[in-house]
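Comments concern the structure below.
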Amino acid sequence: MSLKYQNFLISFQNCNRYGTLNTYRSVLSLILDKEIGNDSVIKRFCKGTVKLKPQTPKYTCTWNPDTVLQYLENLYPHENLNLEKLTKKFVTLLALIEASTAQRVQTLSKIKIANININEMEPK
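The numbering of the sequence shown is the working numbering, which starts it at 139 and goes up by one.
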């Protein structure tokens, strides 16, 4: 019986990630109401796939945000900044927050200036 499931999984062996293959295995278990993951042949097949196609990091390089934060820290006091510099500082901080919370930084591009309301009142 496991040979039939293994042949099904082999048809997806060329997918880029082991996680995709693992998802197909889980779906088979769910649909067929069988614990395919515990089958010794399927276990060996999945282990072999991991060895043939090891997982790679999502990103090839990363950067240290401290450099940017140190630069932004020097842009103070805010009263001495023109609107352009203050806006760029604000947007950069928003981008860093978005990136740290795993949100999509592209959402910043959706901000429309026409939708921004300027209130001349002093904060209370």
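Heads up, the beta-carbon is just placed ideally off N, CA and C, and yes, glycines get one too. This structure is a prediction, so every number in the text was calculated from the model and none was measured.
Expressed to the nearest angstrom, what Euclidean distance is found between the alpha-carbon atoms of residue i and residue j?
{"i": "ASN236", "j": "VAL179", "result": "Per the sequence shown, the amino acid found at residue 236 is Glu instead of Asn. Between GLU236 and VAL179, the C-alpha separation is close to 44 angstroms."}
{"i": "VAL206", "j": "THR225", "result": "15 angstroms"}
{"i": "HIS216", "j": "TYR197", "result": "35 angstroms"}
{"i": "LEU232", "j": "LEU213", "result": "16 angstroms"}
{"i": "LEU147", "j": "LEU246", "result": "40 angstroms"}
{"i": "PRO195", "j": "ARG155", "result": "11 angstroms"}
{"i": "THR230", "j": "TYR209", "result": "11 angstroms"}
{"i": "GLU258", "j": "ALA252", "result": "17 angstroms"}
{"i": "PHE150", "j": "CYS199", "result": "29 angstroms"}
{"i": "LEU141", "j": "ASP177", "result": "10 angstroms"}
{"i": "LEU221", "j": "ILE249", "result": "17 angstroms"}
{"i": "LEU219", "j": "GLU211", "result": "13 angstroms"}
{"i": "ASN255", "j": "PHE228", "result": "16 angstroms"}
{"i": "GLY157", "j": "GLN244", "result": "26 angstroms"}
Verify whether the separation of the beta carbon atoms of residue i and residue j is less than 8 angstroms.
{"i": "TYR174", "j": "ARG182", "result": "First, the amino acid is wrong: residue 174 is Ile here, not Tyr. In this structure, ARG182 does not lie closer than 8 angstroms to ILE174 by Cβ."}
{"i": "PRO203", "j": "LEU234", "result": "yes"}
Thinking residue i and residue j are a contact (beta carbons under 8 angstroms), I'd like their distance in whole angstroms, please.
{"i": "LEU159", "j": "TYR143", "result": "Not a contact, Cβ separation roughly 12 angstroms."}
What residue ranges within the stretch 157-221 form continuous alpha helix (DSSP H) runs of no fewer than 4 residues, ordered along the chain?
178-190, 204-212
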